[in-house]
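Below you'll find the structure, written out as structure tokens, and then a few comments.
There are 2 protein chains.
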Amino acid sequence: MPPIEHLASIPDETLILPPDVSATALREALNQLAKIVGSNNVQVHTKESMKPDDEGHYYNLPKEHDLFYILEKDTFLASGLVAPGSTEEVSQIVKLANKYLVPLWPVSIGRNLGYGGSAPRLRGSIVLDLGARMNKVLDVSVRDCTCLLEPGVSYFALHDYLQKNGFKNLWIDNPDLGGGSVVGNALDRGAGYTPYGEHFSMHCGMEVVLPTGEVMRTGMGSLPGSNTWQTFQYGYGPYPDGIFTQSNYGIVTKMGFWLMPDPGGYQSYLFTFQNDSDLPAIVESVRILRIGMVIQNSPTIRNTLLDAATYGPKSDYTTSEKPLQDSEIDEIANKIKVGRWSLYGAMYGPKPMRDLQWETIKATFMKIPGAKYEFAQPVAEGEKMSVLQMRDETLRGLPNTYELGWLNWTSPRGSLLGFSPISPASGFDANKQYQMVLKRFQEFGFDYLGTFIVGWRELHHIVCLTFDKTNPSERKRAHRCIEALIDDAAAEGYGEYRTHLCYMDQLASAYSWGNGASLKFNEQLKDSLDPNGILAPGKSGVWPARLRGRGFEL
Amino acid sequence: MPPIEHLASIPDETLILPPDVSATALREALNQLAKIVGSNNVQVHTKESMKPDDEGHYYNLPKEHDLFYILEKDTFLASGLVAPGSTEEVSQIVKLANKYLVPLWPVSIGRNLGYGGSAPRLRGSIVLDLGARMNKVLDVSVRDCTCLLEPGVSYFALHDYLQKNGFKNLWIDNPDLGGGSVVGNALDRGAGYTPYGEHFSMHCGMEVVLPTGEVMRTGMGSLPGSNTWQTFQYGYGPYPDGIFTQSNYGIVTKMGFWLMPDPGGYQSYLFTFQNDSDLPAIVESVRILRIGMVIQNSPTIRNTLLDAATYGPKSDYTTSEKPLQDSEIDEIANKIKVGRWSLYGAMYGPKPMRDLQWETIKATFMKIPGAKYEFAQPVAEGEKMSVLQMRDETLRGLPNTYELGWLNWTSPRGSLLGFSPISPASGFDANKQYQMVLKRFQEFGFDYLGTFIVGWRELHHIVCLTFDKTNPSERKRAHRCIEALIDDAAAEGYGEYRTHLCYMDQLASAYSWGNGASLKFNEQLKDSLDPNGILAPGKSGVWPARLRGRGFEL
Ligand SMILES: Cc1cc2nc3c(=O)[nH]c(=O)nc-3n(C[C@H](O)[C@H](O)[C@H](O)COP(=O)(O)OP(=O)(O)OC[C@H]3O[C@@H](n4cnc5c(N)ncnc54)[C@H](O)[C@@H]3O)c2cc1C
Ligand SMILES: Cc1cc2nc3c(=O)[nH]c(=O)nc-3n(C[C@H](O)[C@H](O)[C@H](O)COP(=O)(O)OP(=O)(O)OC[C@H]3O[C@@H](n4cnc5c(N)ncnc54)[C@H](O)[C@@H]3O)c2cc1C
Numbered sequence: 004m005p006p007i008e009h010l011a012s013i014p015d016e017t018l019i020l021p022p023d024v025s026a027t028a029l030r031e032a033l034n035q036l037a038k039i040v041g042s043n044n045v046q047v048h049t050k051e052s053m054k055p056d057d058e059g060h061y062y063n064l065p066k067e068h069d070l071f072y073i074l075e076k077d078t079f080l081a082s083g084l085v086a087p088g089s090t091e092e093v094s095q096i097v098k099l100a101n102k103y104l105v106p107l108w109p110v111s112i113g114r115n116l117g118y119g120g121s122a123p124r125l126r127g128s129i130v131l132d133l134g135a136r137m138n139k140v141l142d143v144s145v146r147d148c149t150c151l152l153e154p155g156v157s158y159f160a161l162h163d164y165l166q167k168n169g170f171k172n173l174w175i176d177n178p179d180l181g182g183g184s185v186v187g188n189a190l191d192r193g194a195g196y197t198p199y200g201e202h203f204s205m206h207c208g209m210e211v212v213l214p215t216g217e218v219m220r221t222g223m224g225s226l227p228g229s230n231t232w233q234t235f236q237y238g239y240g241p242y243p244d245g246i247f248t249q250s251n252y253g254i255v256t257k258m259g260f261w262l263m264p265d266p267g268g269y270q271s272y273l274f275t276f277q278n279d280s281d282l283p284a285i286v287e288s289v290r291i292l293r294i295g296m297v298i299q300n301s302p303t304i305r306n307t308l309l310d311a312a313t314y315g316p317k318s319d320y321t322t323s324e325k326p327l328q329d330s331e332i333d334e335i336a337n338k339i340k341v342g343r344w345s346l347y348g349a350m351y352g353p354k355p356m357r358d359l360q361w362e363t364i365k366a367t368f369m370k371i372p373g374a375k376y377e378f379a380q381p382v383a384e385g386e387k388m389s390v391l392q393m394r395d396e397t398l399r400g401l402p403n404t405y406e407l408g409w410l411n412w413t414s415p416r417g418s419l420l421g422f423s424p425i426s427p428a429s430g431f432d433a434n435k436q437y438q439m440v441l442k443r444f445q446e447f448g449f450d451y452l453g454t455f456i457v458g459w460r461e462l463h464h465i466v467c468l469t470f471d472k473t474n475p476s477e478r479k480r481a482h483r484c485i486e487a488l489i490d491d492a493a494a495e496g497y498g499e500y501r502t503h504l505c506y507m508d509q510l511a512s513a514y515s516w517g518n519g520a521s522l523k524f525n526e527q528l529k530d531s532l533d534p535n536g537i538l539a540p541g542k543s544g545v546w547p548a549r550l551r552g553r554g555f556e557l
Numbered sequence: 004m005p006p007i008e009h010l011a012s013i014p015d016e017t018l019i020l021p022p023d024v025s026a027t028a029l030r031e032a033l034n035q036l037a038k039i040v041g042s043n044n045v046q047v048h049t050k051e052s053m054k055p056d057d058e059g060h061y062y063n064l065p066k067e068h069d070l071f072y073i074l075e076k077d078t079f080l081a082s083g084l085v086a087p088g089s090t091e092e093v094s095q096i097v098k099l100a101n102k103y104l105v106p107l108w109p110v111s112i113g114r115n116l117g118y119g120g121s122a123p124r125l126r127g128s129i130v131l132d133l134g135a136r137m138n139k140v141l142d143v144s145v146r147d148c149t150c151l152l153e154p155g156v157s158y159f160a161l162h163d164y165l166q167k168n169g170f171k172n173l174w175i176d177n178p179d180l181g182g183g184s185v186v187g188n189a190l191d192r193g194a195g196y197t198p199y200g201e202h203f204s205m206h207c208g209m210e211v212v213l214p215t216g217e218v219m220r221t222g223m224g225s226l227p228g229s230n231t232w233q234t235f236q237y238g239y240g241p242y243p244d245g246i247f248t249q250s251n252y253g254i255v256t257k258m259g260f261w262l263m264p265d266p267g268g269y270q271s272y273l274f275t276f277q278n279d280s281d282l283p284a285i286v287e288s289v290r291i292l293r294i295g296m297v298i299q300n301s302p303t304i305r306n307t308l309l310d311a312a313t314y315g316p317k318s319d320y321t322t323s324e325k326p327l328q329d330s331e332i333d334e335i336a337n338k339i340k341v342g343r344w345s346l347y348g349a350m351y352g353p354k355p356m357r358d359l360q361w362e363t364i365k366a367t368f369m370k371i372p373g374a375k376y377e378f379a380q381p382v383a384e385g386e387k388m389s390v391l392q393m394r395d396e397t398l399r400g401l402p403n404t405y406e407l408g409w410l411n412w413t414s415p416r417g418s419l420l421g422f423s424p425i426s427p428a429s430g431f432d433a434n435k436q437y438q439m440v441l442k443r444f445q446e447f448g449f450d451y452l453g454t455f456i457v458g459w460r461e462l463h464h465i466v467c468l469t470f471d472k473t474n475p476s477e478r479k480r481a482h483r484c485i486e487a488l489i490d491d492a493a494a495e496g497y498g499e500y501r502t503h504l505c506y507m508d509q510l511a512s513a514y515s516w517g518n519g520a521s522l523k524f525n526e527q528l529k530d531s532l533d534p535n536g537i538l539a540p541g542k543s544g545v546w547p548a549r550l551r552g553r554g555f556e557l
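Which chain is which? The protein sequence lines are A and B, in order.
In this note's numbering, each residue carries its 1-based index in the first sequence increased by 3.
In this note's numbering, each residue carries its 1-based index in the second sequence increased by 3.
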């Protein structure tokens, strides 16, 4: 990572120039940025400075390019990186970017793996690494069970902070991996697995730097001296928070969250189902119990191979390099003692409450022939943890990184591409989706690793395509496979809730009701709020007027 | 209500001209509107055509002016009314309004009583009466427990529809009065009292006509052929729904909602507390149980006089015309067998579950000295219903109008002005708020009628100022009192979640953090989305460029 001092020695042709920006302008911009944040906190990037493939991993994240690149490694390469230390610095950086027309790509921590990591959509953008220095827990209220965070607070850090500062009574909700940003994940509308799993629903209040450098607080934060910024979401008048998610209308520098008080008891559980064909019955039951408030969180219905991958690579199970077939998967399921589908859930509350819930939950799922259930046991010394024991932690908000195993299914230091369509939480749709993906995965030569999650009412289907990025033809197959699937899904009325940089334009065009009214609306807001088009151009398929239709769309 | 046919016979000076619109232009606009919707569905209004005070009431709502006017009766007078029959007609109307610069004030049903009814903020606007003809339940899914509604569907109508069409398993959530619009209430971010009481949180998907006439669908509705419009709120990319609430950026023509499946059991309860000074202890306990998920809904903590007003006017209890004092209130509490504070709540779920909840709830509140509790009994024949019996219906989503009694506390056909600050859900803040309001109410000569409601985490304090609108000096006192209270509240960091037309500008200025950043942002969106400034100018203090700073602010 060349520090800014080397800038003068880098030839013009080597710089990664964003559109409309000359080498001179980029140099000047980077030098000015260094004046704002200090030269330690600015980097310049070139093709040569990209982190080598054998060095980059979850804990050594390249911030200039996508760790799990699918197109070329430098397709989404940043020209530089700047790490602000305060909201005031962010505002100054934004003003400077407007002056030089240098696009900024804000990330909180940048572990958006499967969707592009920390790489910018537009080549040559400068990564605004908010989390590097702005990483404080600003406030915790034990009375209101809320917190106020800077972008750099990870799930690990928040959990630690609560444990160490007398807030053991407050639980957090983390996604599968604990190294992400609480703020960043919520802004991309990610999810976890406790009753507080729908992260955007559970946020309360934002501080936002607008694309012109103005600073705004939303909700009750816009009332001076307010005492309810983290307790009441809306404030007065139009409620804007949603337009700062999956968007490029503002940079969130502070964000409030609700925390779950210790529910007074907890019990995780696992149901295993023997048959591939059990999926519809499982989903039907989860929907009914979930909407009926018997299941309090979003349990996951995982296929055999996802659990298998958590334990170890494919080579631990088979010498086959082809997509595994039914009988092979059955064998693995037997070996690792999970189902063809496994339901990991939990109950929250005092024992007598849970006993009542359990009666219904057990009776419901045990109706499915061949179903078995199990509770997590403490990990015995020297024993390998089971997936149930891992989920037991995740489902009570203990951040971890157990699921990193998925990445390495087919190759060491492997890569993952996420495909995440939404469908009705019906057995019919779950199965249709599953078959749709299976078919394409067979066609393109990938193992299906996936999980179905019932949110408030909808079904999230999370498909993990694992691939070897060092193999160009495998990257290409991965790319074409997901491209085809997005179209397959749209044809059936399914749309992804989030996608990789590669597919942002394709997906934005799929959400085309009323002659593309939604994208037009987004573009109109973009042009009004960001007239110079400097903030995260192309995020979610929204391009600013200056760059629209100039061939940057993919 | 003069139909449009009379237009020609009304002299120019009598027309209620909006700014920048000549009498000729208004006439032309009204005539053109009649071509779009049919002449039956357009009205012209003048001072003379305002519904007489002795005719207007909840079921005979004036739509051209505020039923509970505080300034002059014609201050917020509309120039006309138009009732579209379809989204397509709404779109045409909007295009026409742009052509003639005639402002439109959309209402769903217009029963926004306490906050301005159906009257427009800007005199001379045309009321867009969406609900009159667009009042269908478009879809109900028993699988997903959702519905899709047009603006004219009232709580009564939705409940009826579900009962009559085989959806008895689906509960609705209604506010105190059942005659409002499910869509309109949610767009003003109103609330009810079941676990689904926070109406905007429970909405899913919108169809919106933008101020230029474009039609857009939000969330999954922007995916053609989508099957999850009413189940998944966000869709892909920036999530805009919040900016269409309490705003003037769009006209919502369809809106989806989540419905609660029959929870399998229900029990309402009442705790009465003897002392005025018990309020802090009650609020502290409600907060803990509410955030702790033991109390599943938003119970209300009502003062004696609110309950008294539900039963009958002040004159039923006393000959005093002054604000009642402690001992007088004690007497009334004893007479009608409620507390100085009464907590109305409910439990949802099968009996064994409720028994467990009840143990905790009972133990908690019975700790407060003098507390008593009671369950609702069936109404005996010929007996007057108790407030508990009324709340028993409201808390299980049976729409009703029992609380209309509040209006007539001090005068028959009385009026109500709402004051609704948000504070932390702490005993300290509840009491501070209560004392703040009591003091001003004593000063200005009003009885305090109020209720405290713990939402997800915050405290809604709903104060009902009842007054006699036929008495100009009483109107003036009411006006000054609330004006003073908004400032009192803001000085302590409390802000209202919603307000009457009169105070929209005052409140927007109170939410002034960062040099008025929030209002500036709202104005910027307004100017981008509504360049001619025709949609609901002044709603929530947001004026379009064309009308800003020209003296329309109050
Ligand atoms: C094995 C595996 C399992 C995973 N499991 C889950 C899971 O269970 N749930 C889940 O949700 N995801 C999951 N992911 C995806 C991803 O790792 C997480 O969502 C992660 O939390 C996102 O990275 P981050 O938190 O560092 O956010 P960031 O990368 O910092 O942010 C994400 C995006 O949000 C925007 N953004 C971030 N911060 C700001 C800001 N301050 N202002 C404006 N815009 C901003 C940017 O566009 C950014 O690219 C998984 C990924 C892998 C590889
Ligand atoms: C005694 C009494 C008790 C009350 N109790 C409650 C209570 O418990 N909870 C509560 O929330 N309120 C309460 N209210 C206030 C009010 O009566 C209700 O909120 C009522 O539901 C609002 O009227 P409405 O539903 O007809 O909405 P409307 O009047 O139709 O809409 C409200 C506002 O939203 C906007 N709007 C409406 N429709 C659209 C649209 N389609 N597109 C764009 N903008 C639109 C407009 O600005 C409109 O003025 C009470 C009032 C009284 C007098």
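We put the beta carbon where it would ideally sit given N, CA and C, even for glycine.
Being a predicted model, the structure only gives us computed values, none of them experimental.
Looking only at Gly342(A), His464(A) and Trp361(A), the smallest Cα-Cα distance to Tyr351(A) is reached by Trp361(A). Apart from the 5 residues on each side of it in sequence, Phe447(B) sits with its Cβ closer than 7 Å to the Cβ of Arg480, Arg483 and Cys484 in its chain, given in chain order. Residues of chain B whose Cβ lies closer than 8 Å to the Cβ of Ala366(A) do not exist; the shortest such Cβ separation is about 13 Å. The beta carbon of Asp191(A) sits closer than 8 Å to those of Asn115, Tyr118, Thr248, Gln249 and Arg501, all from its chain and outside the five residues before and after it, given in chain order. In this structure, Gly315(B) is the residue among Gly315(B), Trp344(B), Met369(B) and Trp409(B) with its C-alpha nearest to the C-alpha of Lys387(B).
In the displayed model, Glu334(A) falls within a helix according to three-state DSSP. Within chain B, not a single residue places a beta-carbon under 8 Å from that of Tyr199(A); the smallest gap is close to 11 Å.
Annotated as proximal: Met209(B) and Asp244(B), with beta-carbon spacing under 8 Å. Rounded to the nearest angstrom, the gap between the Cα atoms of Ser515(B) and Gly240(B) is 29 Å.
For Met296(A) and Asp508(B), the gap between their C-alpha atoms comes out near 41 Å.
For the C-beta of Gln380(A), not a single chain B residue is nearer than 8 Å; the gap to the nearest is close to 27 Å. Non-local beta-carbon contacts of Glu58(B) in its own chain, meaning distances under 7 Å to residues more than five positions away in sequence, are absent. Burial of Glu201(B) is indicated by the presence of at least 16 other C-beta atoms within 10 angstroms of its C-beta. For ligand 2, no non-hydrogen atom lies closer than 7 Å to the CB of Ala100(B).
Assigned with DSSP and collapsed to three states, Asn172(A) falls in coil, not helix or strand. The nearest non-hydrogen atom of ligand 2 is 7 Å or more from the C-beta of Asp176(B). The straight-line gap separating the alpha-carbon atoms of Ser318(A) and Asp310(A) is approximately 14 Å. Residue contact with chain A for Gln249(B): present (Cβ-Cβ distance below 8 Å to some residue of chain A).
Listed in chain order, the positions of the stretch 349-360 of chain B with a beta carbon within less than 7 Å of a beta carbon of chain A are Pro355, Met356 and Leu359. Residues of chain B whose Cβ lies closer than 9 Å to the Cβ of Thr90(A) do not exist, since the nearest Cβ in that chain is about 10 Å away. When beta bridges are read from the DSSP output, Val85(B) appears opposite Val45(B) and Leu131(B).
Judged by the Cβ position, Ala539(B) qualifies as a neighbour of ligand 2 at the 7 Å threshold, a heavy atom of the ligand being closer than this.
Here Phe170(A) has Val143 and Val145 as same chain residues with Cβ atoms under 7 Å from its own Cβ, once five neighbours each way along the sequence are excluded.
At least 8 Å separates the beta-carbon of Ile489(B) from that of Glu461(B).
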